[in-house]
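Heads up: the protein sequence lines correspond to chains A and B, in order. For the record, in the first sequence the residue sitting at position 120 is 114 according to the numbering used here, with numbers rising by one throughout. For the record, in the second sequence the residue sitting at position 28 is 22 according to the numbering used here, with numbers rising by one throughout.
Protein chains: 2
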Amino acid sequence: MGNSTTVQSVDRAIAILEILARDGAARVTDLAAELEVHKSTAFRLLAALEQGGLVEQSGERGRYRLGFGVVRLAGAATAQLDLSGQSRPVCLRLAEEIGETVNIAVPRGGDTVNISQVRGPAAISGHNWVGQRTPSHATSSGKVLLAFGALKPAADLERYTPHTITTPEGLGLAEIRERGWAATVEELEMGLNAVAAPVRGADGSVVAAVSASGPSYRLTPERLPEVGAALVAGAREISRRIGYYG
Amino acid sequence: MGNSTTVQSVDRAIAILEILARDGAARVTDLAAELEVHKSTAFRLLAALEQGGLVEQSGERGRYRLGFGVVRLAGAATAQLDLSGQSRPVCLRLAEEIGETVNIAVPRGGDTVNISQVRGPAAISGHNWVGQRTPSHATSSGKVLLAFGALKPAADLERYTPHTITTPEGLGLAEIRERGWAATVEELEMGLNAVAAPVRGADGSVVAAVSASGPSYRLTPERLPEVGAALVAGAREISRRIGYYG
DNA sequence: CTATTGTGTTGCGCCATGGGCAACAGCACG
DNA sequence: CGTGCTGTTGCCCATGGCGCAACACAATAG
């Protein structure tokens, strides 16, 4: 390992992807020559990339091109940027209006993952949730995603606090659907409350949740309906921005 | 190295990309835990991916997401599939009609790269050009791309045969533009002749060439105009298929 | 404000895996 | 058919990937 913090074989694999993007297709020996490595090294790097779906053989033996895996990755990258970007102005306004931290969360496997956050103006603020997976049954965003069919409940609902709801029936998913928003009251962490509302994609399905979270002494149970209503309005606007016109 | 022909560190790098595609963003320690590697290993893999543009830091320290590089790679992958796929039926017909091998070539750097090929029906046929870079001044496709502004001539035009044209003036680019097709007569290889016509993209610029090549005893200078006309018609149809309506 | 804790980053040295060699398989061409 | 080129595989060694440990940075609690 030289001065720079990198991994040579990964660098080489990326160089292969770039060559294929430039040239459309290439053979093992072409790539070996351009990378100045032995052909068996080039072959093995290609095999790894092929197994990962990032390259594929283009019909003829030994001729490789970029694979569908890169298209899939790009799809994920752009979808994320789209939702994150389009929701940003709405979240900024909601954080100001509600006075608490506002997050966007999406379903990922059985969990709920926060993809963006705007901190509220208060000095005492929740910690950073971006990129973190949270248990769906114990978060307001997760409950929304469960109630509106974007997620299925796990078989085993783990307890985090004495208030955590650990039975599917106790989650009240039908009531959430009827009401249009969900809340958690010290179910994930003691002293933490949250409210969330559903964001819909172009086809009308719920694809994300917008939530507000804060300390329970500020985000009291009495405030939940008013915050819920603000989030429902915000969620409607975000839905419109990403293509839902229902 | 175990039974399978792969590279562990590249596999891990790809796994990181998949996790980021799934989750939107992740921290070093999250990735290290999921991959079951040390955090310094995860950090180095991320550093390599970041240097290659495939991941980027999502604003907050230590939080990574997929980078624009994957979008760029996907763009290259889909553009190639599009042109290659859309031109396929036309090339099949041309190969039958002309009786020679038909190629599609695109500009790449200063060279001309063949991206697809349909062999002619003859027993004696040219070799496989797909994925190979060819010198633009010595190939019919390259001359077309030069004449119609998709490529700039290299400073030094290398000689391959006694017939190779080694001066820019000798290429006759103005005549090619006027005529609508280009030809080479034993300029790349002794015994090899070729004809090419320009393919236009949606914006009207020449983005590729469609060519027919064969042995000089079959693809004689007398045949060149007739073959040129067939290729011009074929190129027009391919252009339409990929969005050019001029 | 300080102390603590958790996470990101860097340097070092060990050893496992990446890489080159060589052989073999596959393919195209004369 | 033989030849030459390219793709693929097995082996072994040395180098580059990895984990450890220390340090830097940031957030949080008291």
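Virtual Cβ for every residue (Gly too), placed ideally from N, Cα, C. Note that the structure is predicted; figures quoted are calculated from it, not measured.
Cα-Cα separation between residue i and residue j, rounded to whole angstroms
{"i": "A:Y211", "j": "A:G185", "result": "7 Å"}
{"i": "B:G61", "j": "A:R6", "result": "18 Å"}
{"i": "B:A66", "j": "A:G56", "result": "Checking the sequence, you will find Arg at residue 66 of chain B rather than Ala. One C-alpha to the other measures close to 24 Å."}
{"i": "A:G237", "j": "B:D197", "result": "28 Å"}
{"i": "A:V204", "j": "B:R59", "result": "20 Å"}
{"i": "A:A224", "j": "A:E44", "result": "48 Å"}
{"i": "B:G114", "j": "B:A206", "result": "9 Å"}
{"i": "A:E220", "j": "B:A19", "result": "31 Å"}
{"i": "B:A15", "j": "A:A70", "result": "5 Å"}
{"i": "B:T158", "j": "B:V107", "result": "19 Å"}
{"i": "B:E172", "j": "A:R21", "result": "36 Å"}
{"i": "B:A132", "j": "B:F37", "result": "48 Å"}
{"i": "A:L88", "j": "A:T214", "result": "17 Å"}
{"i": "A:T23", "j": "B:E180", "result": "26 Å"}
{"i": "A:E234", "j": "A:C85", "result": "According to the sequence shown, residue 234 of chain A is Arg rather than Glu. So the two alpha carbons sit approximately 14 Å from each other."}
{"i": "B:S3", "j": "A:T72", "result": "26 Å"}
{"i": "B:G63", "j": "B:E152", "result": "35 Å"}
{"i": "A:H32", "j": "A:A26", "result": "6 Å"}
{"i": "B:E50", "j": "A:V1", "result": "16 Å"}
{"i": "A:S130", "j": "A:G104", "result": "7 Å"}
{"i": "B:A188", "j": "B:F142", "result": "18 Å"}
{"i": "A:L165", "j": "A:T178", "result": "10 Å"}
{"i": "A:P162", "j": "A:Y154", "result": "15 Å"}
{"i": "B:R230", "j": "A:T(-1)", "result": "51 Å"}
{"i": "B:Y239", "j": "B:G195", "result": "9 Å"}
{"i": "B:E28", "j": "B:S52", "result": "19 Å"}
{"i": "B:M(-5)", "j": "B:T35", "result": "Low confidence applies to B:M(-5): its pLDDT is 35, below 50, so where it sits in the model is not reliable enough to give any reading."}
{"i": "A:P156", "j": "A:G222", "result": "24 Å"}
{"i": "B:A202", "j": "A:G46", "result": "30 Å"}
{"i": "A:A149", "j": "A:T160", "result": "10 Å"}
{"i": "A:G228", "j": "A:V124", "result": "19 Å"}
Three-way DSSP call (helix, strand, coil) for residue i in this model
{"i": "A:G208", "result": "strand"}
{"i": "A:S199", "result": "coil"}
{"i": "B:E220", "result": "helix"}
{"i": "B:A190", "result": "strand"}
{"i": "A:L11", "result": "helix"}
{"i": "B:E243", "result": "Coverage of chain B is limited to positions -5 through 240, which leaves residue 243 of chain B absent and any answer about it impossible."}
{"i": "A:R6", "result": "helix"}
{"i": "A:T57", "result": "Inspection of the sequence shows that residue 57 of chain A is occupied by Arg rather than by Thr. If DSSP states are grouped into helix, strand and coil, A:R57 belongs with the strands."}
{"i": "B:A41", "result": "helix"}
{"i": "B:E28", "result": "helix"}
{"i": "B:V249", "result": "An answer regarding residue 249 of chain B cannot be provided, because it is not within the stretch -5 to 240 covered by chain B."}
{"i": "B:M(-5)", "result": "In this predicted model, B:M(-5) has a pLDDT of only 35, less than 50, meaning its place in the structure is not dependable; the value taken from the coordinates is given anyway. Reduced to three states, the DSSP call for B:M(-5) is coil."}
{"i": "B:T72", "result": "helix"}
{"i": "A:T214", "result": "coil"}
{"i": "A:A20", "result": "strand"}
{"i": "A:E163", "result": "helix"}
{"i": "B:E183", "result": "coil"}
{"i": "B:V49", "result": "strand"}
8 Å Cβ cutoff met for residue i and residue j
{"i": "A:L39", "j": "A:I13", "result": "no"}
{"i": "B:V200", "j": "B:I232", "result": "no"}
{"i": "B:G174", "j": "B:V96", "result": "no"}
{"i": "A:I98", "j": "A:S81", "result": "yes"}
{"i": "A:S78", "j": "A:S110", "result": "yes"}
{"i": "B:G48", "j": "A:I170", "result": "For the record, residue 48 of chain B in the displayed sequence is Leu; it is not Gly. No, these two residues do not count as a Cβ contact at 8 Å."}
{"i": "B:E94", "j": "B:G208", "result": "yes"}
{"i": "B:E146", "j": "B:A176", "result": "One detail in the question is off: residue 146 of chain B reads as Lys in this sequence, not Glu. Not closer than 8 Å, so no."}
{"i": "A:A144", "j": "A:P101", "result": "yes"}
{"i": "B:L140", "j": "B:L167", "result": "yes"}
{"i": "A:A68", "j": "B:A190", "result": "no"}
{"i": "B:R217", "j": "A:D17", "result": "no"}
Checklist line | Unbroken stretches of the alpha helix (DSSP H), 4 residues or longer, contained in the stretch 84 to 160 of chain A | finding: Complete alpha helix (DSSP H) runs here, min 4: 134 to 141.
Notebook entry, point to check: Can you list, in chain order, the residues of the stretch 92 to 118 of chain A whose Cβ is nearer than 8 Å to any Cβ on chain B?
Noted result: Considering only beta carbons, the part of the stretch 92 to 118 of chain A lying closer than 8 Å to chain B consists of V100, R102, G103, V107 and I109, in chain order.
Item checked: chain A contacts from the stretch 2 to 28 of chain B (Cβ-Cβ distance under 9 Å) -> Of all residues in the stretch 2 to 28 of chain B, Q2, S3, V4, D5, R6, A7, I8, A9, L11, E12, L14, A15, R16, D17, G18, A19, A20, R21 and D24 have a Cβ within less than 9 Å of some Cβ in chain A.
Next item on the list: Scan the stretch 173 to 197 of chain B for residues whose Cβ lies nearer than 8 Å to a Cβ of chain A and list them as they occur along the chain.
Entry: Against chain A - using a Cβ distance shorter than 8 Å - the stretch 173 to 197 of chain B contributes no residues.
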